[in-house]
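For reference, the structure is listed below as structure tokens.
Put into structure tokens, the structure is as follows:
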């Protein structure tokens with residue numbers, strides 16, 4: 007699921023390239039996507055080895071938390087002062103609401119990633135939280151990408 011979401015997000019990072027200053031949330035979302043891809047590819051599924059199905063390497067979780075911290079920073083910037091200048095007042099409110107939702111969903115992912123140890127149940131929660139994060143990004147990009 008994570009891999010499919012990450013692959014589907016492909017061009018999602020191109021939103022507002024002419025408006026946003028260098029280093030906006032796109033840097034973090036690229037990194038987040040790469041880390042989530044890596045986590046998805048490294049989920050332990052070999053029950054014959056005695057490993058716990060759904061176990062996630064603590065180092066990968068640390069990388070995820072670090073990437074989420076960056077995403078939280080940029081989500082906060084977007085909610086405060088990075089709304090594209092050409093939007094109407096109503097559109098700015100919508101943009102900032104979506105940025106606020108992005109912040110909330112990123113917090114959810116961080117909270118779940120910080121749970122130790124992450125077992126199969128926690129991974130399913132983490133996967134669902136990442137899906138909500140992705141849906142929030144997509145909603146904003148769908149509404150504002152070509153604006």
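In this note's numbering, the protein residues as written are 7 to 153.
Just so you know, even glycine gets a beta-carbon here, dropped at the ideal spot from N, CA and C.
- Distance check between residue 101 and each of 86, 110, 114 and 132 places 86 closest, using alpha-carbon atoms only.
- Counting along the chain, no alpha helix (DSSP H) covers residue 92, and no H or E run does either.
- As the crow flies, the alpha-carbon of residue 97 is around 16 Å from that of residue 143.
- Counting along the chain, the unbroken alpha helix (DSSP H) around residue 82 starts and ends at 64 to 86.
- Taking all protein chains shown into account, residue 141 has fewer than 16 neighbouring C-beta atoms within 10 Å of its C-beta and is therefore exposed.
- Exposed is the label assigned to residue 130, since fewer than 16 other Cβ atoms lie within 10 Å of its Cβ.
- Contact check for residue 115 against residue 145 fails: the beta carbons are separated by 8 Å or more.
- The shortest C-alpha to C-alpha distance from residue 36 to any of 73, 66, 83 and 110 is the one to 73.
- A Cβ-Cβ separation of about 22 Å leaves residue 119 out of contact with residue 104 under the 8 Å criterion.
- Taking every protein chain shown into account, the CB of residue 40 has fewer than 16 other CB atoms within 10 angstroms, so this residue is exposed.
- Rounded to whole angstroms, the gap between the alpha carbons of residue 112 and residue 150 is 20 Å.
- Taking a contact as a CB-CB distance under 8 Å, the pair residue 109 and residue 78 counts as one, their CB atoms being some 6 Å apart.
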